[in-house]
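Chemist:
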Amino acid sequence: MKREQTVEELLDQLISHWCDWESYEAFYLETLAPQLTKSPESGDDIERSILESLKGILTNNEWLDLPDLIREKLEGTLRDTEQKKIRQEAERKAEEEKKKRKEQERLLAEQREKKERIEKERKRLENAKALEEKKKRKEKERLLAEQREKKERIEIERKRLENANALASMQEHFQKDFLKADLFYEEQYSEVVSRDEYEVEKIRFVQAWVSKQVKKEPDSQQSAAIASYGKHTQVIARAGSGKTTTLVNRAIFLQKHCNVSPGQIILLAFNRKAAEEIKERLEKHFGDRIPHVMTFHALAYATVHPEEALLYDDATNNSHAKSRSLQSVIDDFLRDSRFKEKIRSLMLEHFRADWEKIVRGGYDLEKKELVEYRRSLPNVSLRGEYLKSYGEKLIADFLFEHDIPYKYERNYWWKGVNYRPDFTIFLSEESGLIIEYFGLRGDLDYDELTERKREYWKQTRSWELLEVIPSDVSVGRDHFFTIFKLMLEENGVSCSPLTEEQIWNKIKERAIDRFTTTAVGFIQRCRKLSLTRSQLTDLIDSHHDLSALEEQFLEIAAPLYSGYLARLKATGEEDFDGLMQRAAISIREGQSIFERKSGQGDLRDIRYMFIDEYQDFSDLFLRLIEAIRSQNSQIEFFCVGDDWQAINGFAGSDLQFYENFQHYFSPSRELYVSKNYRSSKSIVALGNALMEGLGKPADPHKEENGTILLGSLWDFIPSDREKERHNGDEITPAVLRLVSKLLATDKDVVLLSRKNTLPWYVNYTSTQSRQTNGLDRYCDLVRSYFPEELRDRISTSTAHKYKGLQNEAVIVVDAVHRSYPLIHPDWIFTRVLGDDIGKIISEERRLFYVAITRAVDTLIILTDSQQTRSPFLEEIMTKQSLRYFDWKQFPPIKDENSRLTVRVGNLNRDNQGATYAIKDQLKASGYRWDSKNGVWQKSFLEEAFSPEFLKESVWSPLANEICVRIVDDRESVVDEYSIHSGQWSPLRKEA
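Take -4 as the starting number for the sequence shown in the numbering used here and just add one per residue.
1. Residue range of the beta strand (DSSP E) that Arg999 falls in?
2. Could you give the DSSP three-state label for Tyr403: helix, strand or coil?
3. Who are the near neighbours of Pro35 in its chain, counting only those whose CB is closer than 8 Å to its CB and skipping five residues on each side?
4. Exposed or buried, what is Gln629 when buried is set at 16 or more other beta-carbons lying within 10 Å of its beta-carbon?
5. Looking at the secondary structure, which residues open and close the beta strand (DSSP E) in which Thr896 lies?
6. Tell me the DSSP secondary structure of Met604 in three-state form.
7. Where are the alpha helix (DSSP H) runs, 4 residues long or more, that stay fully inside the region 201 to 259, in chain order?
8. Check each candidate in Leu69, Pro820, Arg(-2), Asp60 and name the one with the smallest Cα separation from Ala21.
9. Could you tell me whether the region 436 to 453 touches the region 380 to 396, using the rule of 3 or more Cβ pairs below 8 Å?
10. Since Asn802 is in the beta strand (DSSP E), which residue starts that stretch and which ends it?
11. Within the chosen definition, does the region 442 to 458 reach the region 377 to 385 through at least 3 CB pairs nearer than 8 Å?
12. In this structure, what does DSSP give as the bridge partners for Met289?
13. In the DSSP assignment, find the alpha helix (DSSP H) that holds Glu424 and state where it starts and stops.
14. Classify Phe944 as buried or exposed, calling it buried when 16 or more other Cβ atoms lie within 10 Å of its own Cβ.
15. State the Cα-Cα distance for the pair Arg813 and Thr858, rounded to the nearest angstrom.
16. Are the CB atoms of Ala295 and Arg591 nearer to each other than 9 Å?
17. My parser needs the alpha helix (DSSP H) runs of 4 or more residues fully inside the region 607 to 658; what are they?
18. Does the structure place the region 532 to 539 close enough to the region 800 to 818 that three or more beta carbon pairs sit under 8 Å?
19. Grab the span of the beta strand (DSSP E) containing Trp882 for me, first residue to last.
20. Got a sec? Which residues, its chain only, sit under 8 Å from Gly573 by beta carbon, not counting five neighbours each side?
21. Please state whether the Cβ-Cβ distance between Gly929 and Asn955 is less than 9 Å.
22. CA-CA distance, Pro981 and Leu902?
23. Write down the C-beta distance between Asp970 and Pro942 rounded to the nearest angstrom, noting that I regard them as a contact closer than 8 Å.
24. Do you know how far the Cα of Thr54 is from the Cα of Glu90?
25. In this structure, how does DSSP classify Asn122 when only helix, strand and coil are distinguished?
26. Using the Cα positions of Ser973 and Ile913, report the straight-line distance between them to the nearest angstrom.
27. Which of helix, strand or coil does DSSP assign to Trp931?
28. From the DSSP output, in three-state form, read off Gln497 for me.
29. Using the three-state DSSP reduction, which class does Gly992 fall into: helix, strand or coil?
30. I'd like to check one pair, Ser466 with Gly427: are the Cβ atoms closer than 9 Å?
31. Between Leu61 and the rest of its own chain, which residues show a CB-CB distance below 6 Å, the 5 nearest in sequence each way excluded?
32. Can you give me the C-alpha to C-alpha distance between Gly411 and Arg472, rounded to a whole angstrom?
33. Check whether the Cβ atoms of Pro754 and Ala729 sit closer than 9 Å, and answer yes or no.
34. Note down the Cα distance separating Ala220 from Gln497, rounded to an integer number of angstroms.
35. For my contact list, Ile871 and Ser735 are in at a C-beta cut-off of 8 Å; report their separation, rounded to the angstrom.
Here is the structure:
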């Protein structure tokens, strides 16, 4: 590219040098150029220079063609020159055209400017005219607005006066005839006073009236509920919102302000405790002249007055009449070959432990066979005890067959040993007979121990020892009974033999087992649905079984139900569900009078019926209510409850009646009482988080945040002392730490559990409880570690039983998967009655809500590892900032709560007067005489105790031949001394 450019430039220089092309073009191209090609030196200086440069660039052929190259270059130059001239001419014309356009544009611009000036002036004149017109309009509008405002002020004043007169008139109506106030408002003032204004005024009136009467102002929601009349009312009352207070205040308002006769009001509760609480509150205002207050069952009883004995189970009073009645039916079926194999098959598959008890006890045998079977068991008494020998069996059977109460192997403390004589018969609280069967006579050690026992009972004046030896037994049962009878009668015990029928009635009873409990629950649900045998059979026939096990149960359940109903008829007994059914029938047939000890009433006179805990309503209660309404359609219902606390589905309650209130009670209204007065803000928020999306949340009244603590037993490490004290038991030392801290802050505390037992191992060896099992026993264990004056501040309960109650501090001890939700393996047997897993889990959620909302100020939730904690707790933890606390915040309980017992006795057994000589000084020092152990004893706090303190006691210098033993709470000997003439010497001391 560079070469060609240089050639072009050199050719241009040569052409420019030959400048007169118009005259000499032919000469240049045809003569001069060829000549110079042949002889470059013939040219002038410029020509030679240019040609020399070209020759050095061009090839030989190109050099010979130089004239042609000059011609081609010339032609191109001429063309360029011509084109340049053309372009210059075009540019000149374009410039002239541009000047013309500019001139035209200038002339047009001048014309536009002139027009714009004219238009602007026109618009200015128009705007001036419009502004003037606008001013005129505004003035006119101002004058009109003044006129309107004047009219409005006159109208507002008129309405204000009218409204004030209306409100004054309504206030007067509230005072005179509150129950017709709504109608009065609709007819007279609905166009003057808005519905909202009216309701606010009515609520204010009720608030003021109730506040004056009960000295405590109800909140606006409570007042709205109290003021609700003219329709059936459903009040959704959240936990701690004053549900019972609202119920009572409404009854007071009706009777006292609205002048409704107490005989026209009835308040129905689901349990006696709730009814008693309502009654007590009303009596404070009215004395004896109160409305009818009772349970549904009490109303049914007062209507029917059954002559039959009523069967029911009541764990509080240890009554299991209903379960025992059904168990008797089951035992009858066990003796029927048609059913025995079916029951056996079901129980072996699902209730194996129950079946083994039945077989071992012979409960499947006929009357005579059972008595003979029990008598034939070599070491089992008729009462069912396992004994050490046949001799003991004969003694136990004689006492049983002669209806003589006895204790087998009752505990006695003897010489530091837990001594259990074979049989104890009490003749009074502090005296009686001790019966020992000395069956190993001839063994030296045994004989020596026997002699020591004889000596011991000789010294115990209020007790007499009766000895039975193998030779007494070897003569045979009948002969032994004759000998033993004489022994007892000689010692003041009357021996009257029971008949075979009486013996049968005593031994046929067995512990209520799980199968019976499951059957009772099933039958109770059937009764609450008022099912006949045929209706139950139809249900079962149309039901799709999940498993063969469910099918087996239902095959037995229908005949059991029929057998239970037949037994009720045959025995003249009745259960509460049957009583309710009979009451509904009786009322439908016209029986409206109900009579109780407190007075008589007539259902036809009732105008207002209150139902407490309406979430526990069932089909059975609905039938009773519908029967009442058939006789009195004018009754207005006021139903209070909380769907978040519906926890009695297992007993037949059905939430559908709550959720579909308008269907069963129409016309109706729904009101909320949601302010929680019980719990601190954080506890209310926790409950709301658990129930989120299931209804209107509770609203905290308290500003205090309260305390919520979450503890994991997975992280708990007991101290060495705790490990020693509670061997293998981790829940108890953890609970003791928490309880100790709460008591120290002056708070009462309750331990809540899903079941009547804890889902952890508990070591009970460190305490003796009056209770045999359950939470009461655990309560005794926990209390035993605290001073007497603090023990009543500690309690235990199941979550179910604690509904409706509250405590300053609550410890939920079992927020684990196996407790919440608790899905009992027997749930499949009530599927046919409408149960399913979803319903069960929903109810378990509500039960957990009840548990956590019992706390007033402090809530502690105990769980285990992340894998085993309750899914309900898991869910809350995703919504609330709950974190596990550090157990270091709760140190082990101090040993100052532990106590030592000092026992002062005779050093020498033969010197019985040693302690007698100092008894007055011992009494003066606070010692008590323990006749059972023959010692004087006194308890001291371990932390403050010192043996030196004892040595300075008033009785110490006078003591001679005295033994002083110091034991701890577990009866372990801590120190032991002998005293001779006031001088103390150690006998024993633990390492």
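Think of the CB as a built atom: it goes at the ideal place given N, C-alpha and C, for glycine as much as any other residue.
Modeler: Short version:
1. The question about residue 999 has no answer here: the residues shown for the chain are numbered -4 through 986.
2. Indexing the sequence shown from 1 puts residue 403 at position 408. Note: Tyr403 maps to strand in three-state DSSP.
3. Counting from 1 along the sequence shown, the entry for residue 35 is found at position 40. If we look at Pro35 and ignore the five residues flanking it on each side, its Cβ neighbours are Glu42, Arg43, Leu46, Glu47, Lys50.
4. The residue you call residue 629 lines up with position 634 of the sequence shown. When all chains shown are included, Gln629 counts as exposed.
5. Residue mapping note: residue 896 aligns to position 901 of the sequence shown, counting from 1. First-last of the beta strand (DSSP E) with Thr896: 894 to 901.
6. Reading the sequence shown from its first residue, position 609 is the one you call residue 604. Met604 falls in the strand class under three-state DSSP.
7. Entirely contained in the region 201 to 259, the alpha helix (DSSP H) runs reaching 4 residues are, in chain order, 215 to 221, 238 to 247.
8. Taking the sequence shown and counting its residues from 1, the one referred to as residue 21 is at position 26. When only C-alpha atoms are compared, the closest one is Leu69.
9. No, the region 436 to 453 is not in contact with the region 380 to 396.
10. The residue you call residue 802 lines up with position 807 of the sequence shown. 802 to 807 is the span of the beta strand (DSSP E), which, as asked, contains Asn802.
11. Because the criterion of three Cβ pairs below 8 Å is not met, the region 442 to 458 and the region 377 to 385 do not touch.
12. Against the sequence shown, residue 289 aligns to sequence position 294. Secondary-structure assignment with DSSP links Met289 through a beta bridge to Leu263.
13. Here residue 424 corresponds to residue number 429 of the sequence shown, with the count starting at 1. Annotation: Glu424 is outside any alpha helix (DSSP H) and is labelled neither H nor E by DSSP.
14. Sequence index remark: in the sequence shown, residue 944 carries index 949 (1-based). The C-beta of Phe944 has fewer than 16 other C-beta atoms within 10 Å across all chains shown, which makes the residue exposed.
15. Locating residue 813 in the sequence shown gives position 818, where the first residue counts as 1. Locating residue 858 in the sequence shown gives position 863, where the first residue counts as 1. Those two C-alpha atoms are separated by around 11 Å.
16. Translated into positions along the sequence shown, residue 295 becomes position 300. Translated into positions along the sequence shown, residue 591 becomes position 596. No, the Cβ-Cβ distance between Ala295 and Arg591 is not below 9 Å.
17. Entirely contained in the region 607 to 658, the alpha helix (DSSP H) runs reaching 4 residues are, in chain order, 614 to 626, 651 to 654.
18. Flag = no, the region 800 to 818 and the region 532 to 539 do not touch.
19. To locate residue 882, count along the sequence shown from 1; it is residue 887. In the DSSP annotation of this structure, Trp882 is not part of any beta strand (DSSP E), being labelled neither H nor E.
20. Taking the first residue of the sequence shown as 1, we reach residue 573 at position 578. Arg522, Leu563.
21. Sequence index remark: in the sequence shown, residue 929 carries index 934 (1-based). Sequence index remark: in the sequence shown, residue 955 carries index 960 (1-based). No, these two residues do not count as a Cβ contact at 9 Å.
22. In the sequence shown, residue 981 corresponds to position 986, counting from 1. In the sequence shown, residue 902 corresponds to position 907, counting from 1. Going by C-alpha positions, Pro981 is about 13 Å away from Leu902.
23. Looking up residue 970 in the sequence shown gives position 975. Looking up residue 942 in the sequence shown gives position 947. Rounded, the Cβ-Cβ distance is 6 Å, consistent with contact.
24. Translated into the one-based positions of the sequence shown, residue 90 becomes position 95. Translated into the one-based positions of the sequence shown, residue 54 becomes position 59. In this structure, the alpha-carbon of Glu90 lies about 48 Å from that of Thr54.
25. Here the question's residue 122 lines up with position 127 in the sequence shown. In the three-state reduction of the DSSP assignment, Asn122 falls in the helix class.
26. The residue given as residue 973 occupies position 978 in the sequence shown. The residue given as residue 913 occupies position 918 in the sequence shown. When the Cα atoms are used, Ser973 and Ile913 turn out to be separated by approximately 15 Å.
27. To locate residue 931, count along the sequence shown from 1; it is residue 936. Here Trp931 sits in strand by DSSP.
28. Numbered from its first residue, the sequence shown carries residue 497 at position 502. DSSP, read as helix, strand or coil, puts Gln497 in helix.
29. Since the first residue shown for the chain is -4 and the last is 986, residue 992 is missing from the structure and cannot be characterised.
30. Sequence index remark: in the sequence shown, residue 427 carries index 432 (1-based). Sequence index remark: in the sequence shown, residue 466 carries index 471 (1-based). Using a Cβ distance threshold of 9 Å, Gly427 and Ser466 do not count as a contacting pair.
31. Counted from its first residue, the sequence shown places residue 61 at position 66. Around Leu61: Thr32.
32. Your numbering for residue 411 matches position 416 in the sequence shown. Your numbering for residue 472 matches position 477 in the sequence shown. At Gly411, the pLDDT of 47 sits below 50, so the modelled position is not reliable and the matter cannot be decided from this model.
33. Against the sequence shown, residue 754 aligns to sequence position 759. Against the sequence shown, residue 729 aligns to sequence position 734. Taking 9 Å as the Cβ cut-off, Pro754 and Ala729 do not qualify as a contacting pair.
34. One-based indexing of the sequence shown puts residue 220 at position 225. One-based indexing of the sequence shown puts residue 497 at position 502. Looking at the two C-alpha atoms, the distance is approximately 59 Å.
35. Counting from one through the sequence shown, the residue named residue 871 turns up at place 876. Counting from one through the sequence shown, the residue named residue 735 turns up at place 740. Not confirmed; about 27 Å, so no contact.
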